[in-house]
Amino acid sequence: MITLIAAVAENNALGKDNQLLWHLPDDFKRFKTLTSGHYIIMGRKTFESFPKPLPNRTHVIISRQKDFQPEGCIVVDSLEKAIDICPKEEDIFVIGGGQIYKQSIAIADKVDITRVHHSFDADTYFPEIDLNQWQLVFEEFHPKDERHEFDFTFQTFIRK
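End of the sequence shown sits at 160 in UniProt numbering; the numbers just go up one at a time, nothing left out.
Written as structure tokens, this is what we have:
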């Protein structure tokens with residue numbers, strides 16, 4: 001199963017200048033829980049936004065740079081090759097960025113998003129979720145608190 005996983009603002013903003021626009025510890029915790037032990041597919045810029053590779057995950061990075069080869073990671077030059085390299089019987093998570101989400105939403109089986117209830121100025125956006133193609137099967141609201149600056153909702157969509 002191919003799952004897109006992202007934190008997305010009300011206006012579909014994902015980030016700006018290769019940085020997230022918010023800090024939501026419960027979103028990070030959910031991301032870690034869902035993706036640990038799995039293959040994660042991402043673009044080079046998304047990988048470069050991490051201080052180091054994420055533990056307990058196999059990183060598959062899409063890059064056209066021939067000399068880009070971070071230690072312990074798999075680098076390919078297309079989404080198709082990234083998917084082909086992952087085990088067929090396991091869940092695969094696409095974790096960004098915007099261009100990779102745009103390419104992969106047409107072939108994804110599931111979308112797990114954290115909807116941040118705020119709009120942001122951004123340079124990277126998540127594709128629109130077409131409710132004619134996707135069904136909301138889970139929703140859990142979290143109000144802002146001392147650790148979370150914004151209200152947010154965990155949402156899971158499956159392809160109809």
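Where a beta carbon is used, it is the ideal one built from N, C-alpha and C, also for glycine.
On the criterion of 16 or more Cβ atoms from any shown chain inside 10 Å, does residue i qualify as buried, or is it exposed?
i: Gly97; result: buried
i: Phe141; result: exposed
i: Asp145; result: exposed
i: Val137; result: exposed
i: Asp130; result: exposed
i: residue 224; result: With the chain running from 1 to 160 in the structure shown, residue 224 is simply not present.
Looking only at C-alpha atoms, which of the options sits nearest to residue i?
i: Ile113; options: Asn11, Phe154, Ser36; result: Phe154
i: Ala106; options: Ile40, Trp134, Glu71; result: Trp134
i: Gln65; options: His117, Pro87, Ser78; result: Ser78
i: Pro53; options: Pro70, Phe138, Leu20; result: Pro70
i: Gln99; options: Asn132, Leu14, Ala9; result: Leu14
i: Thr33; options: Pro51, Arg57, Met42, Leu20; result: Arg57
Among the residues of its own chain, which have a CB less than 7 Å from the CB of residue i, if the five just before and after it don't count?
i: Pro143; result: Asp151
i: Ile85; result: Val60, Ile74, Val76
i: Asp91; result: Met1, Thr3, His38
i: Phe68; result: Arg44, Val75
i: Pro55; result: none
i: Phe31; result: Ile5
Below 8 Å CB to CB, which residues in the same chain sit around residue i once its five sequence neighbours on both sides are set aside?
i: Lys110; result: Met1, Ile2, Thr3, Leu4, Thr156, Phe157, Ile158, Arg159
i: Asn12; result: Tyr125, Phe126, Pro127, Glu128
i: Pro25; result: Arg147, His148
i: Lys16; result: Phe120, Asp121, Ala122, Asp123, Thr124
i: Gly72; result: Pro53, His59
i: Glu10; result: Arg115, Val116, His117, His118, Ser119
For residue i, report the span of its alpha helix (DSSP H) as first-last.
i: Arg30; result: 25-35
Near residue i, which residues of its chain fall below 6 Å by C-beta distance, leaving aside the five closest residues on each side in sequence?
i: Phe93; result: Thr3, Ile5, Thr35, His38, Ile40
i: Phe47; result: Ile61
i: Lys102; result: Pro127
i: Ser49; result: Asn18
i: Lys45; result: Asn18, Gly97
Tell me where the beta strand (DSSP E) around residue i begins and ends.
i: Arg64; result: Counting along the chain, Arg64 falls outside any beta strand (DSSP E), and DSSP gives it neither H nor E.
Quick one: complete beta strand (DSSP E) runs, 3+ long, within the UniProt domain "DHFR" (1-159)? Within the UniProt domain "DHFR" (1-159), the runs of beta strand (DSSP E) at least 3 residues long that lie entirely inside it are, in chain order, 2-9, 13-16, 39-43, 58-62, 74-76, 92-94, 110-116, 134-142, 152-159.
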